[in-house]
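In the numbering used here, the protein residues as written are 17 to 147. Contents: one structure, followed by commentary.
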Amino acid sequence: MTIKELAKHRSNLELIECIDRKLALKEARICVEGSAGPPSFEKKTRVINGYIHGLGTVSLLAEKSRLEKENREIEEYIASIPNRRVYNALYHYCLDDSLSNPTWDEVAVEMHEYSTKALKTYVERYLKYVL
17 MTIKELAKHR SNLELIECID RKLALKEARI CVEGSAGPPS FEKKTRVING YIHGLGTVSL
77 LAEKSRLEKE NREIEEYIAS IPNRRVYNAL YHYCLDDSLS NPTWDEVAVE MHEYSTKALK
137 TYVERYLKYV L
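Here's what the structure looks like:
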């Protein structure tokens, strides 16, 4: 994978949030009252949550599932990198929520690196030639 492909993790999270907002508008709650059955036959109330079936709901759920799968694959890929320097750089650049849309300069500062260009080049070469 390339850095550009790994950096999609952040944009995927934004799309998932947008899909969740759209799905919230299509959410439905149904309250059902019935018997609890033997031996007491007392009344029991149950709330059922779901989505209104209509245009777009199924496609939104499918897109959300695809994005979540893609993010899991990115997280697993980064977690499987044995080189600590590359792992930390990619973690801060792609996954860390404390940095919003970080630049390589911010990643280098976070990792206490002196040269931004050297760090980025090292990560790019590692991904290209080692993995």
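For each residue, glycine too, the CB sits at the ideal point set by N, CA and C.
Along the chain, where does the alpha helix (DSSP H) that runs through residue i open and close?
i: K24; result: 24-41
i: V74; result: 73-95
i: K133; result: 132-141
i: V146; result: Here V146 belongs to no alpha helix (DSSP H), and DSSP marks it neither H nor E.
i: E129; result: Where E129 is concerned, there is no enclosing alpha helix (DSSP H), given that its DSSP letter is neither H nor E.
Leaving out the 5 sequence neighbours to the left and right, which residues in its chain are closer than 6 Å to residue i when beta-carbon positions are compared?
i: L90; result: Here residue 90 turns out to be Ile, not Leu, going by the sequence shown. So the qualifying residues of the chain are L22, H25.
Taking all protein chains shown into account, do 16 or more other C-beta atoms lie within 10 angstroms of the C-beta of residue i, making it buried, or fewer, making it exposed?
i: A95; result: exposed
i: V63; result: exposed
i: A124; result: buried
i: V102; result: buried
i: V109; result: It is Tyr, not Val, that sits at residue 109 in the sequence shown. Label assigned to Y109: buried.
i: K136; result: buried
i: I46; result: exposed
i: V74; result: exposed
Under a three-way DSSP split, which group does residue i fall into?
i: E49; result: strand
i: I19; result: helix
i: N99; result: coil
i: N117; result: coil
Skipping 5 residues on each side, what residues in its chain have a beta carbon closer than 7 Å to that of residue i?
i: L104; result: Note on residue identity: the sequence assigns Asn, not Leu, to residue 104. Excluding sequence neighbours, N104 sits near M127.
Apart from the five residues on each side of it in sequence, which residues of its chain come closer than 8 Å, Cβ to Cβ, to residue i?
i: N99; result: Y142, V146
i: K59; result: E49, G50, S51, A52
i: Y67; result: L39, K42, E43, A44, T73, L77
So is residue i in contact with chain D if we call contact Cβ pairs under 8 Å?
i: A23; result: Annotation note: the requested chain D is absent from the structure, which comprises a single protein chain.
List the endpoints of the continuous beta strand (DSSP E) containing residue i.
i: I64; result: 59-67
* Determine contact between the segment 37-45 and the segment 68-85, defined as no fewer than three beta-carbon pairs at a distance below 8 Å. => yes
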